[in-house]
Amino acid sequence: MIRVRGLSKSFGALQVLNDCNLTVRRGEVVVVCGPSGSGKSTFVKCLNGIETFQVGEIVVDGRSLKLRGREADRMRARVGMVFQHFELYPHLTVIENICLAPIHVLKRTRQEAQAKARALLARVGLSDKEAAYPAQLSGGQQQRIAIVRALAMDPIAMLFDEPTSALDPEMIGEVLAVMLELAREGMTMVVVTHEMGFAKAAADRIVFMDKGEILEVTETKRFFEAPKSERARIFLSRILGH
Numbered sequence: 096m097i098r099v100r101g102l103s104k105s106f107g108a109l110q111v112l113n114d115c116n117l118t119v120r121r122g123e124v125v126v127v128c129g130p131s132g133s134g135k136s137t138f139v140k141c142l143n144g145i146e147t148f149q150v151g152e153i154v155v156d157g158r159s160l161k162l163r164g165r166e167a168d169r170m171r172a173r174v175g176m177v178f179q180h181f182e183l184y185p186h187l188t189v190i191e192n193i194c195l196a197p198i199h200v201l202k203r204t205r206q207e208a209q210a211k212a213r214a215l216l217a218r219v220g221l222s223d224k225e226a227a228y229p230a231q232l233s234g235g236q237q238q239r240i241a242i243v244r245a246l247a248m249d250p251i252a253m254l255f256d257e258p259t260s261a262l263d264p265e266m267i268g269e270v271l272a273v274m275l276e277l278a279r280e281g282m283t284m285v286v287v288t289h290e291m292g293f294a295k296a297a298a299d300r301i302v303f304m305d306k307g308e309i310l311e312v313t314e315t316k317r318f319f320e321a322p323k324s325e326r327a328r329i330f331l332s333r334i335l336g337h
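Read left to right, the sequence shown gives residues 96 to 337 (the working numbering).
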């Protein structure tokens, strides 16, 4: 489904990704973790072209992300992205936020887009919020709307960049519950997160990064029981000790 080979990226003299390699199978859930500044967010943003890269190759569903113009836009539309800070349009209602891309990118009619949006809102328990504006919602509700907005594009895979890190503790569970349900339904997912409980419950494999490099890709149970690298062992002892 997603194949990354030799991915390297720099911002000027700062090397943020160095020779990263990963294959994500269809229906697989992969959690990317590691210390702050390890390149996790940049890596996941490269997977649907939000960030460009200088070296390497990313292929999604058999198509290269080195496409340009409309082809690139269509490819990005097939890979949903959920950000840390929701990125909802504050001047649009919930249903307008959800329907915007399906209408303008997928060329659906307003009626088709709204029907899809309402079905998804019901799925995440927010049917009563379609006329609300983002500022009228809690952080957890906004993030669930952001997930619905991505799902409204019928993505072949979903990317999450620390989707719970901006939430109050009591709101984290409602977002993780939606993500767990997606995982159980077989959605291909790459998730950057420090929520190790979610990783244990949903991930097939763990990718551990440090200093712009992928140090190990390990089955979840094995990663938590016996990580391969000393750096991962130190990371786990610190994050699980809190």
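Note that beta-carbon positions come from the ideal geometry of N, C-alpha and C, so glycine has one too.
Whole angstroms are fine: how far does the CA of residue j sit from the CA of residue i?
i, j, result
"glycine 235", "glutamate 280", "21 Å"
"proline 322", "glutamate 308", "16 Å"
"threonine 315", "leucine 221", "32 Å"
"phenylalanine 293", "leucine 275", "8 Å"
"methionine 304", "proline 229", "33 Å"
"arginine 239", "valine 219", "7 Å"
"proline 264", "aspartate 114", "35 Å"
"valine 302", "glutamine 237", "27 Å"
Are the beta-carbon atoms belonging to residue i and residue j less than 8 Å from one another?
i, j, result
"histidine 285", "valine 127", "The sequence as given places valine at residue 285; histidine does not occur at that position. A contact, by the Cβ cut-off of 8 Å."
"alanine 247", "lysine 224", "no"
"valine 270", "proline 258", "yes"
"leucine 195", "valine 174", "no"
"valine 256", "valine 124", "Before going further, note that residue 256 is aspartate rather than valine in the sequence given. Not a contact, by the Cβ cut-off of 8 Å."
"glutamate 311", "serine 332", "no"
"leucine 102", "glycine 144", "no"
"threonine 283", "glycine 157", "no"
"glycine 134", "phenylalanine 330", "no"
Between the Cα of residue i and the Cα atoms of the options, which residue gives the shortest distance?
i, options, result
"glutamine 110", "Val139, Phe319, Leu160 and Phe148", "Phe148"
"phenylalanine 106", "Thr137, Thr118 and Arg121", "Thr137"
"threonine 179", "Thr313, Arg326, Ser260 and Ser324", "According to the sequence shown, residue 179 is glutamine rather than threonine. Considering only alpha carbons, the answer is Ser260."
"arginine 171", "Ser103, Asp263 and Leu254", "Leu254"
"methionine 96", "Val119, Lys202 and Ile193", "Val119"
Got a sec, what are the start and stop residues for the beta strand (DSSP E) residue i sits in?
i, result
"isoleucine 301", "300-305"
"alanine 252", "252-256"
"phenylalanine 148", "Here phenylalanine 148 belongs to no beta strand (DSSP E), and DSSP marks it neither H nor E."
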